[in-house]
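As structure tokens, the structure follows; a few thoughts come after it.
Numbering (the UniProt record's numbering), first residue to last: 1 to 233.
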């Protein structure tokens with residue numbers, strides 16, 4: 001389901017995409033998508049994420065949804081980023097999106113540069129997801145995937161790293177090329193070991209007390225999180 005509201009121009013600050021879009025005096029409509037809504041993509045525009053998280057999903061051979069990318073605040077979604085015949089965009093949370101036309105991008109150098117950076121983020125995510133799929137043990141794949149999600153759309157809390165999205169065992173299984181039962185059993189093991197916690201809102205938390213046991217993604221700050229290697233600590 002989607003609703004509309006008006007977005008007013010803001011001053012340029014830290015080259016955030018929402019600050020770089022040039023708006024007229026009458027403001028501009030934001031499109032509000034509720035969680036689980038499918039977001040239409042066309043070749044004439046980008047969507048700018050103002051709030052919320054969107055997942056890019058592709059269909060597996062058995063018809064399941066595979067998560068191939070995560071798009072958060074100040075990132076973009078556009079036909080240039082995905083293969084529309086095989087990939088779609090779905091809101092993981094209630095999400096506010098701003099329409100940005102190709103003409104605006106062509107006329108605003110700073111906007112074009114930040115969109116290129118957003119496209120680079122998509123490429124980096126694809127590389128990371130491909131890499132973690134190569135891990136032999138399912139437990140390591142689950143740990144690495146949850147850490148990937150925590151890095152992309154999580155936050156620090158008193159117990160560790162909290163994922164601000166809900167993802168089903170079936171979605172994890174589809175993405176990691178295994179079964180829902182295997183994922184459910186693996187998550188139960190991680191919770192028994194204290195590596196994974198679940199808060200009252202049923203959001204995953206990667207425990208900070210088990211840091212020495214974590215299979216962690218090492219990120220290169222220079223490239224905003226580019227995957228360097230996987231190591232066990």
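Idealized CB from N, CA, C, for every residue including glycine.
Handout entry: Segments of 3+ residues assigned as beta strand (DSSP E) that fall wholly inside the UniProt domain "HTH crp-type" (136-209)
Key = Here the runs fully enclosed are 154-157, 160-163, 196-198, 204-207.
Problem - residue 103, buried or exposed, once every other Cβ within 10 Å from all chains shown has been counted against 16 - result: What you label residue 103 is simply residue 103 of the chain shown in a count that begins at 1. Result: exposed.
Practice task
Quick one: residues in its chain with C-beta nearer than 7 Å to the C-beta of residue 204, no 5 flanking neighbours on either side, listed in chain order?
Solution key: As a first step, residue 204 is located in the chain shown; it is residue number 204 there, counting from the start. Once the five neighbours on either side are set aside, the close Cβ partners of residue 204 are 146, 163, 196, 198.
Problem - Top-ranked residue by Cα proximity to residue 114, from 63, 180, 74 - result: By 1-based counting over the chain shown, the position of residue 114 is 114. Per the Cα distances, 74.
Handout entry: Cβ-based neighbour list, residue 173, same chain, cut-off 6 Å, excluding 5 preceding and 5 following
Key = In the chain shown, counting from the first residue as 1, residue 173 sits at position 173. Non-local C-beta neighbours of residue 173 in its own chain, meaning closer than 6 Å and more than five positions away in sequence, comprise 179, 180, 183, ordered along the chain.
Problem - C-alpha distance - residue 143 paired with residue 67, whole-angstrom precision - result: Numbered from 1 along the chain shown, position 143 holds the residue referred to as residue 143. Numbered from 1 along the chain shown, position 67 holds the residue referred to as residue 67. The C-alpha of residue 143 lies about 15 Å from the C-alpha of residue 67.
Practice task
Can you grab the Cα-Cα spacing for the pair residue 109 / residue 117, in whole Å?
Solution key: Here residue 109 refers to the residue found at position 109 when the chain shown is read from its first residue. Here residue 117 refers to the residue found at position 117 when the chain shown is read from its first residue. In this structure, the alpha-carbon of residue 109 lies about 13 Å from that of residue 117.
Practice task
Mark residue 43 as exposed unless 16 or more other C-beta atoms lie within 10 angstroms of its C-beta, in which case mark it buried.
Solution key: Taking the first residue of the chain shown as position 1, residue 43 is located at position 43. With fewer than 16 other Cβ atoms within 10 Å, it is exposed.
Problem - the segment 50-60 touching the segment 90-100, judged by at least three CB pairs closer than 8 Å - result: Remark: three or more beta-carbon pairs, one from each stretch, lie closer than 8 Å, so the segment 50-60 and the segment 90-100 are flagged as touching.
Problem - C-alpha gap between residue 65 and residue 149, whole angstroms - result: Taking the chain shown and counting its residues from 1, the one referred to as residue 65 is at position 65. Taking the chain shown and counting its residues from 1, the one referred to as residue 149 is at position 149. Rounded to whole angstroms, residue 65 to residue 149 spans 16 Å at the Cα level.
Handout entry: Chain-order list of residues whose beta-carbon lies under 6 Å from that of residue 170 (same chain, five-residue window excluded)
Key = Numbered from its first residue, the chain shown carries residue 170 at position 170. Cβ within range, chain order: 180.
Practice task
Would you check if the distance between the CB atom of residue 125 and the CB atom of residue 152 is smaller than 9 Å?
Solution key: For this step, residue 125 is matched to residue 125 along the chain shown. For this step, residue 152 is matched to residue 152 along the chain shown. Yes. Within cutoff.
Practice task
In the DSSP assignment, find the unbroken alpha helix (DSSP H) run with residue 60 in it and report its ends.
Solution key: For the purposes of this step, residue 60 is identified with residue 60 of the chain shown, where counting begins at 1. Unbroken run through residue 60: none, as it is neither H nor E.
Handout entry: Residue range of the unbroken beta strand (DSSP E) whose run includes residue 65
Key = Here residue 65 corresponds to residue number 65 of the chain shown, with the count starting at 1. Start and end: 65-71.
Problem - Span of the beta strand (DSSP E) around residue 77 - result: Working through the chain shown from its first residue, we reach residue 77 at position 77. The continuous beta strand (DSSP E) containing residue 77 extends over residues 76-78.
Practice task
Taking residue 98 as the reference, give the member of 192, 185, 207, 33 with the closest Cα.
Solution key: Position 98 of the chain shown, counted from the first residue, corresponds to residue 98. For the residues 192, 185, 207, 33, the minimum Cα distance to residue 98 belongs to 33.
Handout entry: Beta-bridge partners of residue 95, as assigned by DSSP
Key = Working through the chain shown from its first residue, we reach residue 95 at position 95. According to DSSP, residue 95 bridges with 33.
Exercise for the section: Tell whether a beta-carbon distance below 9 Å holds between residue 78 and residue 41. Expected result: As a working note, residue 78 is residue 78 in the chain shown. As a working note, residue 41 is residue 41 in the chain shown. In this structure, residue 78 places its C-beta atom within 9 Å of the C-beta atom of residue 41.
Problem - Straight-line Cα distance separating residue 168 from residue 191 - result: Here residue 191 refers to the residue found at position 191 of the chain shown. Here residue 168 refers to the residue found at position 168 of the chain shown. Using only the alpha carbons, I get a separation of about 16 Å.
Exercise for the section: Can you tell me which of the three DSSP states residue 122 falls into? Expected result: Locating residue 122 in the chain shown gives position 122, counting from the first residue. Residue state, collapsed to three classes: helix.
Problem - Expected contact under 8 Å - CB spacing of residue 207 and residue 194 to nearest Å - result: Position 207 of the chain shown, counted from the start, is the residue given in the question as residue 207. Position 194 of the chain shown, counted from the start, is the residue given in the question as residue 194. At roughly 6 Å, the Cβ-Cβ gap stays under 8 Å, so residue 207 and residue 194 are in contact.
Handout entry: 8 Å contact criterion, which residue 80 and residue 119 should meet: CB distance rounded
Key = Residue numbering aside, residue 80 sits at position 80 when the chain shown is read from its first letter. Residue numbering aside, residue 119 sits at position 119 when the chain shown is read from its first letter. 7 Å between Cβ atoms; contact.
Problem - Delimiting residues of the alpha helix (DSSP H) encompassing residue 105 - result: For the purposes of this step, residue 105 is taken as the residue at position 105 of the chain shown. DSSP places residue 105 in the uninterrupted alpha helix (DSSP H) bounded by 102-107.
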